[in-house]
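Asker:
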Amino acid sequence: MFQRILVPSDGSDLSAVAENAAIAFAQVCGSELVALSVVPPEPVVLSAEGALVTGGTGTDVLLAQAEAHVGRVAAAAAKAGVACETLTSYGDSPAEKIVEAAQRAGCDLVFMASHGRRGLSRLIAGSVTQHVLAYSTVPVMVYRPQDQAQGRRRD
Numbered sequence: 001m002f003q004r005i006l007v008p009s010d011g012s013d014l015s016a017v018a019e020n021a022a023i024a025f026a027q028v029c030g031s032e033l034v035a036l037s038v039v040p041p042e043p044v045v046l047s048a049e050g051a052l053v054t055g056g057t058g059t060d061v062l063l064a065q066a067e068a069h070v071g072r073v074a075a076a077a078a079k080a081g082v083a084c085e086t087l088t089s090y091g092d093s094p095a096e097k098i099v100e101a102a103q104r105a106g107c108d109l110v111f112m113a114s115h116g117r118r119g120l121s122r123l124i125a126g127s128v129t130q131h132v133l134a135y136s137t138v139p140v141m142v143y144r145p146q147d148q149a150q151g152r153r154r155d
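Quick note: the sequence shown uses full-length UniProt numbering, first residue 1, plus one each step.
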């Protein structure tokens with residue numbers, strides 16, 4: 001069936017639910033996981049004085065957070081007896097980085113959550129999942145928690 005499954009993690013509660021589902025799926029399939037977290041660039045804004053300033057979080061802090069996300073997935077996978085490789089990537093398009101990582105890591109499935117945004121919030125925020133579905137060269141399994149699947153909003 002599936003040998004290597006890419007599991008993107010953004011650290012959100014919804015992502016954590018999907019990660020646990022991916023681990024359970026990997027157990028059943030006898031698959032290994034590749035956990036990925038994408039580090040976004042710091043936002044740059046124009047100050048009142050005309051200088052460009054960053055958001056102040058720092059790339060090192062964001063990278064540490066991303067490593068913590070994939071580390072959490074790897075620990076949960078190990079506890080379940082599932083092998084898990086961890087990756088972090090830096091870029092302004094998480095969808096592109098997910099598609100690239102799936103190809104580079106030799107994954108044959110992407111297992112990810114969907115926030116299920118609709119209307120104006122979807123128009124503004126876009127959909128990482130939709131972009132991955134459109135551009136991935138491997139199958140994408142979109143996990144929707146039970147309450148979302150029944151039409152109730154989580155976000």
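Note that beta-carbon positions come from the ideal geometry of N, C-alpha and C, so glycine has one too.
Throw me the rounded Cβ distance for the C84 and A77 pair, which I believe falls under 8 Å.
Answerer: As a position in the sequence shown, residue 84 is number 84, starting the count at 1. As a position in the sequence shown, residue 77 is number 77, starting the count at 1. Between A77 and C84 the Cβ distance is about 4 Å, and since that is below 8 Å, they are a contact.
Asker: If contacts are defined as beta-carbon pairs under 8 Å, then M112 and V82 qualify, I think. What distance do you get, rounded to the angstrom?
Answerer: Working through the sequence shown from its first residue, we reach residue 112 at position 112. Working through the sequence shown from its first residue, we reach residue 82 at position 82. About 17 Å separates the two Cβ atoms, so there is no contact after all.
Asker: What does a CB cutoff of less than 8 Å around T88 pick up in its chain, not counting 5 residues either side in sequence?
Answerer: Here residue 88 is taken as the residue at index 88 of the sequence shown, counted from 1. So the qualifying residues of the chain are L36, S37, V38, V39, L63, A66, E67 and V70.
Asker: Between P8, Q27 and V28, which has its C-alpha nearest E19's C-alpha?
Answerer: Mapped onto the sequence shown, residue 19 falls at position 19. If we check each option's Cα against that of E19, P8 comes out closest.
Asker: If you check the beta carbons only, do D92 and P41 fall under 8 Å apart?
Answerer: To locate residue 92, count along the sequence shown from 1; it is residue 92. To locate residue 41, count along the sequence shown from 1; it is residue 41. Their beta carbons are under 8 Å apart, which means D92 touches P41 by this criterion.
Asker: I need the straight-line Cα distance from S114 to H131, nearest angstrom please.
Answerer: Residue numbering aside, residue 114 sits at position 114 when the sequence shown is read from its first letter. Residue numbering aside, residue 131 sits at position 131 when the sequence shown is read from its first letter. Computed Cα separation, rounded: 11 Å.
Asker: Give me the DSSP bridge partner(s) of E85.
Answerer: Mapped onto the sequence shown, residue 85 falls at position 85. For E85, which the question treats as bridged, DSSP gives the partners V34.
Asker: Indicate whether A140 and V110 have their beta-carbon atoms separated by less than 8 Å.
Answerer: Translated into the one-based positions of the sequence shown, residue 140 becomes position 140. Translated into the one-based positions of the sequence shown, residue 110 becomes position 110. Checking the sequence shown, residue 140 turns out to be Val, not Ala. Yes; because the gap between Cβ atoms is below 8 Å, this pair is in contact.
Asker: Taking the alpha helix (DSSP H) that R4 falls in, what are its first and last residues?
Answerer: Counting from one through the sequence shown, the residue named residue 4 turns up at place 4. It is not in any alpha helix (DSSP H) - R4 instead sits in the beta strand (DSSP E) that spans R4 to P8.
Asker: I think A102 touches S136, with their Cβ atoms under 8 Å apart; what is that distance to the nearest whole Å?
Answerer: Along the sequence shown, one-based indexing puts residue 102 at 102. Along the sequence shown, one-based indexing puts residue 136 at 136. Going by Cβ atoms, the distance from A102 to S136 rounds to 6 Å, so yes, they are a contact pair.
Asker: Quick check on the burial criterion: 16 or more other C-beta atoms within 10 angstroms. Buried or exposed for T86?
Answerer: Your numbering for residue 86 matches position 86 in the sequence shown. Label assigned to T86: buried.
Asker: Taking just the CA atoms, how far does V128 sit from L14?
Answerer: Counting from 1 along the sequence shown, the entry for residue 14 is found at position 14. Counting from 1 along the sequence shown, the entry for residue 128 is found at position 128. Their backbone Cα atoms lie some 14 Å apart in a straight line.
Asker: Starting from V99, trace the alpha helix (DSSP H) in both directions and tell me its first and last residue.
Answerer: For this step, residue 99 is matched to residue 99 along the sequence shown. Counting along the chain, the alpha helix (DSSP H) containing V99 begins and ends at P94 to R104.
Asker: In angstroms, rounded to a whole number, what distance separates the CA positions of S121 and Q3?
Answerer: To locate residue 121, count along the sequence shown from 1; it is residue 121. To locate residue 3, count along the sequence shown from 1; it is residue 3. Reliability fails at S121, whose pLDDT of 47 lies under 50, so the model's placement of it is uncertain and no value is given.
Asker: Helix, strand or coil, according to DSSP, for S138 in the structure here?
Answerer: Start at 1 with the first residue of the sequence shown, and residue 138 comes out as number 138. The sequence as given places Val at residue 138; Ser does not occur at that position. Here V138 sits in coil by DSSP.
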